[in-house]
Each structure stands twice: as C-alpha cells, then as structure tokens.
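Chemist: Before I ask anything, let me first share the structure, which is written out below as structure tokens.
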Amino acid sequence: MYLDVDYLGSAEAFVDEVLTAINKEVLFDEFYRYEIEELCQFMHCFGAPTGTVLLQEGEAGDHLILLLSGRVIVRKTDLAGKAHSLAMVGEGSILGEMSLIDGQPRFATCIAAEATRFAVLSKSDLNEILALHPRLANKFLTMLLQIMVERLRDLGTKVVSPSSRPLV
C-alpha cells in the first residue's frame, strides 16, 4: 500500500495510542472506549519517516488514515501545476476520507512533515463494520460527514476572503 513505511501491526495493539490521538479531536468525544476498540479491530498501523507521501493527489484511494503521532502537510496543486499548502495537521486528524466515501481520486497530497505513525481503515473494512456493527458505522460515518462539512465551510471562507481572487 505504501512505500517507505513500516507495518506496525493491527491497531488492536495500539488502542491506547489511538485513544490518546483522538482525544485531541472534539468529534471523537461521542465515542466510547469499547467502540474505539471495535474500530481498531478493522484498522492497521504504520510508521513513516519525514518526507513520506502518505496520500497522493489524483491517485485512486480506498482508505483513510488517522494520524496517531507526528505532523502532516496537506498540499493541493492548482491548474498551473503549483503546489499550495492547505494545512498542517497533527495527531487525531483524519485524512483521505473523501476518497473512502466517494471512490474518487485523492483531493490533495499529504506528506509527513516529521516521523509519523498512523492507522488505516480501508473501504472493505468499513463495509465490514457496516455489516457487523451498523450503529458504530453510522456513528463513524456521521463523524466523517461532520469533518467534511467543517472543511468545506473553511474552504468557503477562504474562497470569499477579501484577499482571494474572483471566481469568475
């Protein structure tokens, strides 16, 4: 799945690390420990050195990542081919959720700004959670929807800021 990364094992062995990371994100406040433990049964953990491309804009994607440690730069390429930094995110952040949901190519490139550990949830594993734990899946998908809406609102604010160029 990834080049230059170390497979660390099932996320079941990293439940405490996952809990520590997600405690930094308000949207995970609605989850109980047992629900996170259930999610971890379907996730796998990896470690990546600084500079590793975790997600590549334009490539197919069928998984999301949950950052457990480290920081990641999120970049988007404009029509002229110039990369622009959109954000620097840290532990507890979820990346790649759009492609997981809609099956479209990656929206942005995500690069490890420092040594990073992360958990991966694939589309097939999400489908298994839907089948086996529908309430948990509903809760998780609702959280992903909230993340996407928040990011869309942030983007809308940036697009209409006084320093932005006209859209037309």
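Numbering (this note's numbering), first residue to last: -7 to 160. Think of the CB as a built atom: it goes at the ideal place given N, C-alpha and C, for glycine as much as any other residue. It should be emphasised that the depicted structure is a prediction, and the values quoted were computed from it without experimental measurement.
#1: Would you kindly check if the distance between the Cβ of Leu58 and the Cβ of Ile103 is under 9 Å?
#2: Work out the CA separation of Val45 and Arg63 for me, nearest whole Å.
#3: Give the range of the alpha helix (DSSP H) segment to which Ala13 is assigned.
#4: Among Leu31, Ile139 and Ala79, whose alpha-carbon lies nearest the alpha-carbon of Ala105?
#5: Throw me the rounded Cβ distance for the Thr134 and Leu47 pair, which I believe falls under 8 Å.
#6: Do Leu11 and Cys37 come within 9 Å of each other at the CB atom, strictly closer than that value?
#7: For Leu159, which of helix, strand or coil comes out of DSSP?
#8: Let's see if you can read the secondary structure: which residues bound the beta strand (DSSP E) around Ser77?
Modeler: This is what the structure gives:
#1: Annotated as distal: Ile103 and Leu58, with beta-carbon spacing of 9 Å or more.
#2: Arg63 and Val45: Cα-Cα distance of roughly 12 Å.
#3: Bounds of the alpha helix (DSSP H) holding Ala13 are Val7 to Ile14.
#4: With distances taken between CA atoms, Ala105 lies nearest to Ala79 out of Leu31, Ile139 and Ala79.
#5: About 23 Å separates the beta carbon of Thr134 from that of Leu47, a gap too long to meet the 8 Å contact definition.
#6: Not closer than 9 Å, so no.
#7: Here the model assigns Leu159 a pLDDT of 49, short of 50, so the residue's position is not dependable, and the following value carries that caveat. Residue state, collapsed to three classes: coil.
#8: Under the DSSP assignment, Ser77 falls in the beta strand (DSSP E) whose first and last residues are Ala75 to Val81.
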